[in-house]
Amino acid sequence: MRLAIRTDASREIGAGHAVRCITLAKALQHAGSADNITLDIVIVSTVGASMMNQAFADEGFKLTEVSHIQSDVSHVGADIWIIDHYQLDTTFETSLVNSGAIVVVIDDLADRQHNCHVLIDGNLTRNISQRYSKLVSQECIQLIGPRYALLRDEFYRARRQCNPRQPNHVLICFGGSDPTNMTSVALEALTKVKELNLTADVVIGTGHRNKQAIIEQTKLLHGVTVHVDSKNMAELMCKASLMIGASGSMHWERCICDLYGLIITIADNQREATECLASINACEYLGNAPEVSSEVIADRLSHFFAEGSVQANKPTSLNEIVPLNGGASHVSEKIMAILKGKKSKRGTVIENH
């Protein structure tokens with residue numbers, strides 16, 4: 000049985016899309032094997048959007064490219080499609096539904112119509128129950144809320160065995176591509192608060208345009224380590240006392256690891272979820288990337304780590320936002336149930352907070 004994934008990842012297109020697709024695909028493989036179903040997995044990406052191709056290949060997934068984002072993919076002949084692409088909508092999806100395939104869409108914009116059997120949005124938003132009411136059919140299963148965030152298994156393991164945090168230790172990460180190079184801005188902020196004696200882990204992707212400059216920048220700072228394409232993000236999150244980073248899927252990774260964050264959005268579509276989390280004290284929102292200087296970050300670091308700081312020393316419960324009985328394994332069970340024809344009724348499954 001063939002599972003096809005339509006996504007892209009490049010310096011301009013966040014690698015988080017590809018990572019969550021890999022996570023769901025592996026969960027579906029595991030769920031299928033329990034029923035003696037072997038999934039042949041193929042990744043379909045646009046020529047030039049190849050930043051995650053090695054990661055896909057490392058998982059044993061096949062790769063195929065199409066010339067344009069809207070290119071026909073009927074030649075792939077898949078039984079299940081996972082589509083995670085902001086530039087694809089019902090026009091693209093309808094042909095796949097008509098072919099008899101099960102279509103699963105991962106979205107977090109809620110800005111276009113979809114024709115799919117399952118829609119996944121792991122975000123927390125103010126209008127969560129009505130977010131897709133006019134964008135999908137009543138028959139579509141909507142898996143909405145952080146319970147359905149597609150996090151790698153390492154984060155659920157870390158939740159169960161989180162080690163004591165290192166005081167005055169910061170994690171800096173703005174995703175694999177970091178298109179606005181906020182990593183360098185955050186490192187500059189560290190130079191402005193040397194009196195705090197902070198140490199840090201810095202995570203960047205191998206495709207970061209400023210990778211070498213960042214490595215050189217960290218050599219001027221004591222106790223700062225650079226990780227390229229980190230495979231132990233959960234461990235680093237459990238080690239830190241504070242994160243400086245972007246939003247997106249890292250919100251839910253932070254939350255499950257119970258890590259407070261100074262958050263800077265790098266795209267307008269990240270603002271709503273970030274503001275929502277800030278309103279329940281799950282992070283401090285510093286603003287959109289062009290608005291946030293190293294001075295702003297340095298000021299908030301000083302405030303957070305000030306002697307006797309309430310924020311730095313009080314216990315948190317961010318991991319209550321992302322429950323253990325969810326994630327990719329839970330989502331895959333629902334998809335496999337449709338595949339096997341065991342689910343006779345479809346509808347909305349919304350996680351409220």
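In terms of my numbering, the sequence shown opens at residue 0 and continues consecutively.
For every residue, glycine included, the Cβ atom is placed at its ideal position computed from N, Cα and C.
From a predicted model like this one, the values you see are computed outputs, not experimental measurements.
A straight-line Cα-Cα distance of about 9 Å links SER301 and GLU194.
The closest CA to that of VAL291, considering only THR179, ARG253, GLN165, is found on THR179. Assignment of GLY99 by DSSP, reduced to helix, strand and coil, places it in the coil class. Where VAL43 is concerned, the enclosing beta strand (DSSP E) starts and stops at 39–45.
The three-state secondary structure of SER331, taken from DSSP, is helix. Distance from the Cα of GLU274 is smallest, within the candidate group LEU23, ASN122, GLY76, ILE82, for ASN122. Check the Cα spacing between ARG151 and each of SER293, GLY15, PHE304, MET0: the tightest is with GLY15. Annotation note: the stretch 5–61 contains the following uninterrupted alpha helix (DSSP H) runs of length 4 or greater, listed N- to C-terminal: 15–32, 52–57. Judged by DSSP in its simplified three-state form, ILE262 adopts strand. Following the DSSP letters along the chain, one finds GLN216 inside the alpha helix (DSSP H) bounded by residues 210–217. Between LEU95 and ILE68, the gap from beta carbon to beta carbon reaches 8 Å or more. With contacts defined as CB atoms closer than 8 Å, LEU170 and ALA199 qualify as a contacting pair. Of LYS333, SER331, PRO322, the smallest CA-CA separation from ARG159 is found for PRO322.
In the three-state reduction of the DSSP assignment, ASP83 falls in the strand class. Scanning its chain for C-beta atoms nearer than 8 Å, with the 5 sequence neighbours on each side dropped, one finds around ASN231 the residues GLU153, in chain order. The three-state reading of DSSP puts TYR147 in helix, counting H, G and I together.
Within the stretch 111–138, the beta strand (DSSP E) runs of at least 3 residues that lie entirely inside it are, in chain order, 117–120. The shortest C-alpha to C-alpha distance from HIS84 to any of ALA56, SER44, LEU62 is the one to SER44. Put simply, the backbone Cα of ILE4 is about 18 Å away from that of SER248.
Annotated as distal: GLY222 and SER176, with beta-carbon spacing of 8 Å or more. LEU170 has ASP200, MET242 as its beta-bridge partners, per DSSP.
With a cut-off of 8 Å on Cβ pairs, the stretch 53–61 is in contact with the stretch 19–29, counting three or more such pairs. In the three-state reduction of the DSSP assignment, ALA272 falls in the helix class. Around the beta carbon of ASP7, a 10 Å sphere encloses 16 or more other beta carbons of the protein chains shown; the residue is thus reported as buried. Counting along the chain, the unbroken beta strand (DSSP E) around LEU285 starts and ends at 283–287.
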